[in-house]
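Protein chains in written order, with this note's numbering: chain A, 77 to 423; chain B, 77 to 423; chain C, 77 to 423.
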Amino acid sequence: MTELFAIGLGLSSYNTAGDVLETFYPTPLLGPDAAIGGAFLGGGADAADEPRDGVANVTPAHAASVAARLRDAGAENVAATAARLAEADRPLTLTLLHRDRPIAHTAEAYLKLHLLSHRLTLPNSLDLEGLFAHLPTVAWTSAGPIDATELPDRLLDARLRGERLQVDALDKFPIMANYVMPAGVRIANTARVRLGAYLGDGTTVMHEGQVNFNSGALGPNMVEGRISQGVILGAHTDLGGGASTMGTLSGGGKEVVSLGERCLVGANGGTGIPLGDRCTIEAGLYITAGTIVRLIDADGRPGERAKARELAGQSDLLFIRHSASGEIQCRTNRSAIELNETLHKHN
Amino acid sequence: MTELFAIGLGLSSYNTAGDVLETFYPTPLLGPDAAIGGAFLGGGADAADEPRDGVANVTPAHAASVAARLRDAGAENVAATAARLAEADRPLTLTLLHRDRPIAHTAEAYLKLHLLSHRLTLPNSLDLEGLFAHLPTVAWTSAGPIDATELPDRLLDARLRGERLQVDALDKFPIMANYVMPAGVRIANTARVRLGAYLGDGTTVMHEGQVNFNSGALGPNMVEGRISQGVILGAHTDLGGGASTMGTLSGGGKEVVSLGERCLVGANGGTGIPLGDRCTIEAGLYITAGTIVRLIDADGRPGERAKARELAGQSDLLFIRHSASGEIQCRTNRSAIELNETLHKHN
Amino acid sequence: MTELFAIGLGLSSYNTAGDVLETFYPTPLLGPDAAIGGAFLGGGADAADEPRDGVANVTPAHAASVAARLRDAGAENVAATAARLAEADRPLTLTLLHRDRPIAHTAEAYLKLHLLSHRLTLPNSLDLEGLFAHLPTVAWTSAGPIDATELPDRLLDARLRGERLQVDALDKFPIMANYVMPAGVRIANTARVRLGAYLGDGTTVMHEGQVNFNSGALGPNMVEGRISQGVILGAHTDLGGGASTMGTLSGGGKEVVSLGERCLVGANGGTGIPLGDRCTIEAGLYITAGTIVRLIDADGRPGERAKARELAGQSDLLFIRHSASGEIQCRTNRSAIELNETLHKHN
């Protein structure tokens with residue numbers, strides 16, 4: 077059989093019309109070997125040499141046979157999850173993707189978001205075309221996911237029964253921590269980390285931290301600011317309280333921002349350009365692509381001016397706004413000659 | 077019978093002393109016609125030519141007769157809600173306001189907050205005198221609203237029963253989404269939008285967005301910053317991540333800030349003055365009423381300096397802090413002559 | 077018997093291995109007199125002249141006898157709590173600390189955090205050595221505290237039962253409001269105030285406010301910004317929306333920031349230095365210890381320049397970044413001579 081791109085076996089929620097609202101995959105798989113991939117098929121109506129591509133309902137009994145085959149294939153961990161899912165009292169969702177292609181179903185969207193949060197693949201590595209179109213807006217409530225259009229009736233129903241329905245979000249994306257909790261991570265307020273975030277080992281997201289889907293921190297990191305969609309933080313890079321990384325979805329330009337290793341964006345600062353390694357932006361300073369920056373070399377000599385976008389991806393930069401002149405400066409540990417080369421290499 | 081200003085039929089919560097903590101009105105009405113207004117009266121002890129003004133308890137049976145009369149009046153939607161409320165096993169709250177006057181009861185305060193969030197009236201259009209005095213501080217918990225003074229006992233009670241009482245807020249205002257969810261709106265973290273917020277169709281409030289009561293966005297808008305009490309955003313105006321609008325309750329001046337259409341306040345920026353249409357404040361820049369701004373005309377020529385408050389409500393302005401000189405500048409698409417007129421017209 | 081430093085009688089949660097995850101003390105005591113301290117001992121196996129120091133399990137029956145002895149000692153309030161705890165159907169946690177020493181047990185850590193949030197002692201007054209080591213990372217969920225490592229199984233279990241487990245935080249610290257709700261305080265979003273915060277009477281923490289453990293506001297205060305660990309706000313001092321106080325745990329220096337009375341840090345501003353009384357930092361300006369500041373005296377005459385850290389703790393300062401020159405200035409109500417003395421007294 078052909079190789080598979082990804083597999084997920086899980087549980088879905090539905091609205092009253094029977095449409096999938098969300099899917100939970102306890103142990104999603106990326107690029108499983110043939111033996112493991114094959115274990116999810118066969119043994120029944122689904123048994124074809126070439127598995128169908130996409131989303132299917134399967135019975136808990138099918139999950140039990142999947143578990144047996146996975147155990148035979150030596151995949152104990154995945155087998156254990158399948159065995160647990162076989163305890164379900166309703167149909168399961170089996171999603172198979174032969175290759176990474178545009179998203180065509182809600183359950184496919186959720187599989188890709190799980191792959192990211194399970195750290196099986198990095199942000200910006202998946203084909204997310206069709207993501208928004210296939211994610212319904214869901215009321216995430218204390219009674220589980222509810223179709224947004226069904227919410228008013230449910231609020232009234234709950235009240236009449238003397239119960240309380242609490243609505244945590246009305247959003248296309250759920251909270252990551254209700255689906256995946258990667259090891260070695262702390263999140264002070266889970267409401268601020270969407271499913272699809274990638275949080276590496278040793279990452280702490282404080283109360284003011286925020287991580288969008290398809291973005292993240294490779295770990296270890298201290299995240300007290302906002303990681304916009306598509307943005308990745310390298311190891312030991314910290315975002316200060318309220319610090320901003322400019323996204324491409326709204327307001328920002330087309331170049332995706334990333335930060336290398338051992339960078340610091342100070343509290344209430346921000347960046348609209350990618351940074352290399354060991355860069356610092358002082359607290360309260362926002363650098364956008366169009367910011368004019370005076371270059372200061374390693375000996376403190378002022379050099380030319382450059383647009384910040386010309387410095388994109390460079391390492392060992394310190395951005396400040398001079399407290400006496402008000403000039404935005406970029407100090408480096410390079411000589412004036414190197415600085416000029418940096419400045420002109422994009423011209 | 078006289079015309080009514082507003083009507084709400086709903087369910088209240090009470091503290092142990094029997095005081096109303098909050099009221100939920102599924103379908104509040106503003107300026108109902110005489111037939112609909114009359115349907116809420118009559119048929120019982122309340123039947124007088126002139127209905128009493130304010131808050132009353134009514135029986136579920138009364139709600140059933142209200143539903144019948146509303147159906148006769150052709151108000152199917154409101155009738156359906158009344159019919160559902162007739163299923164209640166406890167008294168209902170009927171709030172009638174003949175005219176917009178200062179708030180005299182908790183249930184009246186909640187009716188006005190509902191009118192705003194149901195988009196029946198705009199922020200700054202209601203008489204909110206007495207609002208704070210009539211809103212008790214409530215512990216909003218997983219077990220529903222609890223009087224703040226009764227919370228310690230309830231926390232211990234829950235623990236002794238092996239249960240968990242979760243306290244989401246201790247506030248005079250509840251979360252809007254637990255009462256009203258206007259169509260076409262997404263809210264990534266409902267904890268940040270109070271009942272009494274007005275969110276127009278097509279508005280997205282991201283995790284860092286915040287909307288106070290009696291404030292809002294006419295829609296469509298992207299709200300990633302804070303909309304203070306009294307502030308209104310026009311269509312297609314965006315607040316960047318962490319952007320601030322200065323309120324009048326604390327810190328700000330007396331002039332209520334508003335933003336026209338197609339404005340952008342950049343991430344971590346802010347405004348203490350009202351803006352007209354198509355204005356931009358760059359990321360990280362905070363304009364207060366007293367900020368001295370250099371005017372730059374359409375040809376790039378520097379003109380006079382002005383206090384930002386002199387530019388209040390003007391359109392087509394771009395505010396930046398110059399990255400070389402540190403000067404705060406306001407660039408417009410007008411000529412120097414027009415600029416001077418703008419500057420001096422408030423003198 | 078010797079005097080005790082602190083006593084707490086409460087209820088703990090445990091992971092499946094039997095380790096304490098957290099402890100709730102409804103009425104913790106600091107420096108109880110001998111009669112009250114003695115009431116917690118005696119009457120059983122624990123009865124020794126010198127009580128053991130640290131954490132012990134006691135029976136509900138022991139709590140009943142404690143309640144009786146407390147009533148005899150005239151401590152009605154504490155007695156009432158002990159009597160309620162005697163209703164428990166499982167062992168209680170009794171924590172006794174003879175003196176303030178490094179933390180050696182999870183239940184000791186929780187006792188100290190309770191002391192702070194019950195306003196029995198001020199931030200920076202307790203020995204918190206060992207705090208992080210003895211606080212396990214807990215998944216704070218709708219089903220109560222769960223060991224972080226046990227969370228994946230619990231998420232799947234809940235789904236299989238058709239229930240929904242909601243994870244609010246994965247953190248060493250719980251939300252204060254689920255343990256203590258000090259009188260006269262409002263918190264718009266409890267997720268942002270950790271147990272161990274000190275909130276004085278009359279303090280309002282708005283949605284954007286955040287208060288770490290071992291930090292706080294003496295009250296009354298309006299907190300719309302972030303109070304970092306170790307930072308204390310004096311009476312009538314306000315933190316504007318998104319305002320930052322630099323902490324010592326990450327990014328900041330070694331000097332603990334504090335703010336005196338009647339200060340204001342404007343929206344999106346911040347401070348890395350301690351402030352005296354009646355100081356203001358304008359909206360959007362971040363002062364760090366190394367910021368060079370031009371001193372302007374009471375007559376508007378520019379004086380020398382100083383590093384902001386030289387002004388640490390001074391009163392009656394107004395920090396702005398000049399809107400024309402971009403220079404950061406500190407205006408005072410003092411003469412130039414006094415200013416120079418201030419400047420040089422730390423040299």
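Note that the Cβ used here is the ideal one computed from N, Cα and C, for glycine as well. Computed from a predicted structure; not experimentally measured.
Self-check item: Complete alpha helix (DSSP H) runs within the region 193-254 of chain B (minimum length 4 residues, chain order)
Solution: 207-210, 227-236
Quiz prompt | Residue span of the alpha helix (DSSP H) that contains Leu394 of chain B, given as start and end | solution = Along the second sequence, one-based indexing puts residue 394 of chain B at 318. Where Leu394 of chain B is concerned, there is no enclosing alpha helix (DSSP H), although the beta strand (DSSP E) it sits in stretches over 393-397.
Quiz item: Whose Cβ in chain A lies nearer than 9 Å to the Cβ of Arg263 of chain B?
Solution: Numbered from 1 along the second sequence, position 187 holds the residue referred to as residue 263 of chain B. Going by the sequence as given, residue 263 of chain B is Ile instead of Arg. Simply Val243, Ala245, Leu246, Asp247.
Quiz item: From Asp314 of chain A to Leu191 of chain B, what distance separates their C-alpha atoms?
Solution: Against the first sequence, residue 314 of chain A aligns to sequence position 238. Against the second sequence, residue 191 of chain B aligns to sequence position 115. Computed Cα separation, rounded: 44 Å.
Practice problem: Closer than 7 Å by beta-carbon distance: list the chain A residues that pair up with Glu284 of chain B, in chain order. | Solution: As a position in the second sequence, residue 284 of chain B is number 208, starting the count at 1. Those within 7 Å of Glu284 of chain B in chain A are Gln286, Arg302.
Quiz item: Where in the region 86-144 of chain C do unbroken runs of the beta strand (DSSP E), each at least 3 residues long, occur, reported from the N-terminal end onward?
Solution: 96-100, 130-134
Quiz item: For the putative contact between Val332 of chain A and Val299 of chain A, defined by C-beta atoms under 8 Å, what is the C-beta separation to the nearest angstrom?
Solution: Position 256 of the first sequence, counting from 1, holds the residue named residue 332 of chain A. Position 223 of the first sequence, counting from 1, holds the residue named residue 299 of chain A. Not confirmed; about 18 Å, so no contact.
Practice problem: Using beta-carbon positions only, say whether His138 of chain A and His181 of chain A come within less than 9 Å of one another. | Solution: On the first sequence, residue 138 of chain A is found 62 positions in, with the first residue counted as 1. On the first sequence, residue 181 of chain A is found 105 positions in, with the first residue counted as 1. Not in contact: His138 of chain A and His181 of chain A (Cβ atoms no closer than 9 Å).
Quiz item: Tell me which same chain residues have a C-beta within less than 8 Å of the C-beta of Gly323 of chain B, skipping the five on either side of it?
Solution: Reading the second sequence from its first residue, position 247 is the one you call residue 323 of chain B. So the qualifying residues of the chain are Asn288, Ser304, Gln305, Gly306, Val307, Val333.
Quiz item: Taking only beta-carbon atoms, is Pro167 of chain C less than 9 Å away from chain B?
Solution: Position 91 of the third sequence, counted from the first residue, corresponds to residue 167 of chain C. Chain B contact via Cβ: absent.
Quiz item: Which parts of the region 315-379 of chain B are runs of the beta strand (DSSP E), unbroken and 3 residues or longer, counting only runs that do not cross its ends?
Solution: 368-372
Exercise. Return the residue from the list C:Ile368, C:Asp375, C:Ser401 that minimises the CA-CA distance to Arg385 of chain C.
Key: Taking the third sequence and counting its residues from 1, one reaches residue 385 of chain C at position 309. That would be C:Ile368, whose Cα lies nearest to the Cα of Arg385 of chain C.
Quiz item: How far does the beta strand (DSSP E) with Val299 of chain A in it reach, from first residue to last?
Solution: To locate residue 299 of chain A, count along the first sequence from 1; it is residue 223. Note, Val299 of chain A: beta strand (DSSP E), 297-299.
Quiz item: So, is Arg175 of chain C buried or exposed, given that buried needs 16 or more other C-beta atoms within 10 angstroms?
Solution: For the purposes of this step, residue 175 of chain C is taken as residue 99 along the third sequence, with counting starting at 1. Looking at its Cβ environment, which holds fewer than 16 other Cβ atoms inside 10 Å, Arg175 of chain C is exposed.
Quiz prompt | Cα-Cα separation, Leu236 of chain A to Leu168 of chain B | solution = Here residue 236 of chain A corresponds to residue number 160 of the first sequence, with the count starting at 1. Here residue 168 of chain B corresponds to residue number 92 of the second sequence, with the count starting at 1. For Leu236 of chain A and Leu168 of chain B, the distance between alpha carbons rounds to 11 Å.
Self-check item: Short Cβ contact (9 Å threshold) for His397 of chain B with Tyr274 of chain B
Solution: Residue mapping note: residue 397 of chain B aligns to position 321 of the second sequence, counting from 1. Residue mapping note: residue 274 of chain B aligns to position 198 of the second sequence, counting from 1. Per the sequence shown, residue 397 of chain B should be read as Arg rather than His. No, Cβ-Cβ distance for Arg397 of chain B and Tyr274 of chain B is not below 9 Å.
Quiz prompt | Exposed unless 16 or more other CB atoms sit within 10 angstroms - verdict on Thr418 of chain A | solution = For this step, residue 418 of chain A is matched to residue 342 along the first sequence. It is buried - the Cβ of Thr418 of chain A has at least 16 other Cβ atoms within 10 Å.
Exercise. Compute the Euclidean distance between the alpha carbons of Asp27 of chain A and Ala343 of chain A, then round it to the nearest angstrom.
Key: Shown here, chain A extends from 77 to 423; a query on residue 27 of chain A therefore has no answer.
Practice problem: Identify which residue in A:Met282, A:Ser193, A:Ala412 has its Cα closest to the Cα of Tyr101 of chain A. | Solution: For the purposes of this step, residue 101 of chain A is identified with residue 25 of the first sequence, where counting begins at 1. Closest by alpha carbon: A:Ser193.
Self-check item: CB contact below 9 Å: Leu231 of chain A versus chain B
Solution: Residue 231 of chain A sits at position 155 when you count from the first residue of the first sequence. Closer than 9 Å to some Cβ of chain B, the Cβ of Leu231 of chain A qualifies, so yes.
Quiz item: Among the residues of its own chain, which have a CB less than 7 Å from the CB of Asn409 of chain A, if the five just before and after it don't count?
Solution: Indexing the first sequence from 1 puts residue 409 of chain A at position 333. For Asn409 of chain A, where only same-chain residues beyond five positions count, the Cβ hits under 7 Å are Ala374, Asp392.
Quiz item: Helix, strand or coil for Ala267 of chain C per DSSP?
Solution: The sequence position of residue 267 of chain C within the third sequence is 191, counting from 1. The answer is helix: DSSP assigns Ala267 of chain C an H, G or I state.
Self-check item: Helix, strand or coil at Arg385 of chain A according to DSSP, with G and I counted as helix
Solution: Reading the first sequence from its first residue, position 309 is the one you call residue 385 of chain A. In the structure shown, Arg385 of chain A sits in a helix (DSSP, three-state: H, G or I).
Quiz item: Hey, quick one: how far does the beta strand (DSSP E) through Thr280 of chain A stretch, first residue to last?
Solution: Residue numbering aside, residue 280 of chain A sits at position 204 when the first sequence is read from its first letter. Segment 279-281, the beta strand (DSSP E) holding Thr280 of chain A.
Practice problem: Under 9 Å between beta-carbons, which chain A residues line up against Met257 of chain B? List them in chain order, please. | Solution: Position 181 of the second sequence, counted from the start, is the residue given in the question as residue 257 of chain B. The contacting residues are Ala215, Ala224, Leu227, Pro228, Leu231, Val243, Leu246.
Quiz item: Quick check: the region 251-266 of chain C against the region 217-235 of chain B, are there 3 or more CB pairs under 8 Å?
Solution: yes
Exercise. Ignore the nearest five residues each way along the sequence and tell me which others in Ala267 of chain C's own chain have a CB closer than 8 Å to its CB.
Key: Stepping through the third sequence from its first residue, residue 267 of chain C is reached at position 191. Only Asp244, Ala245, Ile251 meet the Cβ criterion.
Quiz item: So which residues on chain A does Asn297 of chain C lean against when the C-beta distance must stay under 7 Å?
Solution: Mapped onto the third sequence, residue 297 of chain C falls at position 221. Per Cβ cutoff of 7 Å: no residues; Asn297 of chain C is ~18 Å from chain A at best.
Quiz prompt | Minimum Cβ-Cβ distance from Leu204 of chain B to chain A less than 9 Å | solution = For the purposes of this step, residue 204 of chain B is taken as the residue at position 128 of the second sequence. Cβ-Cβ to chain A under 9 Å: no for Leu204 of chain B.
Quiz item: Since Ala180 of chain A is in the beta strand (DSSP E), which residue starts that stretch and which ends it?
Solution: Mapped onto the first sequence, residue 180 of chain A falls at position 104. No beta strand (DSSP E) holds Ala180 of chain A; DSSP gives it neither H nor E.
Quiz item: Got a sec: which bits of the region 81-102 of chain A sit with their beta carbon under 8 Å from any beta carbon on chain C, in order along the chain?
Solution: Leu87, Phe100, Pro102
Exercise. Could you tell me how far apart the beta carbons of Gln390 of chain A and Gly352 of chain A are, in whole angstroms, since I believe they sit closer than 8 Å?
Key: If you number the first sequence from 1, residue 390 of chain A lands on position 314. If you number the first sequence from 1, residue 352 of chain A lands on position 276. Contact holds; Cβ gap of about 5 Å.
Exercise. Report the rounded CA-to-CA distance for Asp95 of chain A versus Ala155 of chain A, giving the unit in angstroms.
Key: Within the first sequence, the letter at position 19 stands for residue 95 of chain A. Within the first sequence, the letter at position 79 stands for residue 155 of chain A. Computed Cα separation, rounded: 28 Å.
Quiz item: Would DSSP call Leu146 of chain B helix, strand or coil?
Solution: What you label residue 146 of chain B is simply residue 70 of the second sequence in a count that begins at 1. In the structure shown, Leu146 of chain B sits in a helix (DSSP, three-state: H, G or I).
Quiz prompt | Residue interval of the alpha helix (DSSP H) (run including Arg160 of chain A) | solution = By 1-based counting over the first sequence, the position of residue 160 of chain A is 84. Segment 152-161, the alpha helix (DSSP H) holding Arg160 of chain A.
Quiz prompt | Any chain F beta carbon closer than 9 Å to Gly107 of chain B | solution = No chain F appears in this structure, whose protein chains are A, B and C.
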